[in-house]
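Each remark here refers to the structure printed beneath this line.
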Amino acid sequence: MFQIDEELMGPLGAFSLDQLMELAGLACAQGLAKVYRKEQYPRVLPGSKDHYKRLQTQCDNMKITILPPSHDTDSLRTALSTTDVILDAIFGFSFKGPIRAPFDTVLPLLTQSGLPIVSVDIPSGWDVEKGNTAGVGLNPDVLVSLTAPKEGVKGFTGRHFLGGRFIPRYGKLSSL
Numbered sequence: 000m001f002q003i004d005e006e007l008m009g010p011l012g013a014f015s016l017d018q019l020m021e022l023a024g025l026a027c028a029q030g031l032a033k034v035y036r037k038e039q040y041p042r043v044l045p046g047s048k049d050h051y052k053r054l055q056t057q058c059d060n061m062k063i064t065i066l067p068p069s070h071d072t073d074s075l076r077t078a079l080s081t082t083d084v085i086l087d088a089i090f091g092f093s094f095k096g097p098i099r100a101p102f103d104t105v106l107p108l109l110t111q112s113g114l115p116i117v118s119v120d121i122p123s124g125w126d127v128e129k130g131n132t133a134g135v136g137l138n139p140d141v142l143v144s145l146t147a148p149k150e151g152v153k154g155f156t157g158r159h160f161l162g163g164r165f166i167p168r169y170g171k172l173s174s175l
């Protein structure tokens, strides 16, 4: 994945990191809005990754309400009771190793909520190359892959979107 990013930001692609992050935020907001109409699912609980601040901007621009993230599980439980859709941007595609606190508590809470989940790039808790081998990762209903699908999601069976317009469309992926 790093090679693709280098090419996109190099002389041929000529994208800045800010532009790529803006496109990523737009792709995620579009995927979320396409599957979960804001009239029916007006409240979204976002992931916490700083890179996805642009996603919040895009959701704001599309009038998708975002609930503020929290750092304790009591606040998370409360937020889940007033949420319609979970937007999973907790970990990035470079995540490795066992899930540590507080996320070892957070991921089961999200799963047990029964709410629909939209994951960004790779579901949180999944290995980017091997998938959900530990069985502790989120199982989203929708996945928005950025730039290209990751090897670890080849067994993903939910709705899958490819965000970005950098490579040709193939397989069962829907473009945004």
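Numbering (numbering that gives the first Met the number 0), first residue to last: 0 to 175.
All C-beta atoms in this analysis are idealised placements derived from N, C-alpha and C, irrespective of residue type, glycine included.
Would you decide whether residue i is buried or exposed? Buried here means 16 or more other CB atoms lie within 10 Å of its CB.
i	result
Gly136	buried
Lys149	buried
Leu16	exposed
Gly151	buried
Leu11	exposed
Ala100	exposed
Gln2	exposed
Roughly how many whole angstroms lie between the Cα atoms of residue i and residue j?
i	j	result
Val143	His159	6 Å
Gly154	Ala88	20 Å
Ser74	Tyr40	20 Å
Phe14	Ser93	21 Å
Leu25	Ala133	31 Å
Asn138	Pro122	7 Å
Leu19	Val34	23 Å
Ala23	Ser112	26 Å
Asp120	Ile65	19 Å
Gly96	Lys129	12 Å
Ile98	Thr110	15 Å
Going by DSSP, which residues form a beta bridge with residue i?
i	result
Ile121	DSSP output for Ile121 lists no bridge partner at all.
Asp17	Asp17 is not bridged to any residue.
Gly130	Asp126
Ile116	Ile85
Compute the beta-carbon to beta-carbon distance between residue i and residue j, rounded to the nearest angstrom, for a pair I have assumed lies under 8 Å.
i	j	result
Leu114	Asp83	7 Å
Leu79	Leu108	7 Å
Gly124	Gly30	Not quite, the Cβ-Cβ distance comes to about 20 Å (not below 8 Å), so this is no contact.
Thr81	Arg42	6 Å
Leu145	Leu86	About 14 Å; that fails the 8 Å criterion.
Next on the checklist: To test your reading of the DSSP string, which unbroken beta strand (DSSP E) runs of 3 or more residues are found completely within the segment 27–111?
Outcome noted: 42–44 and 84–87
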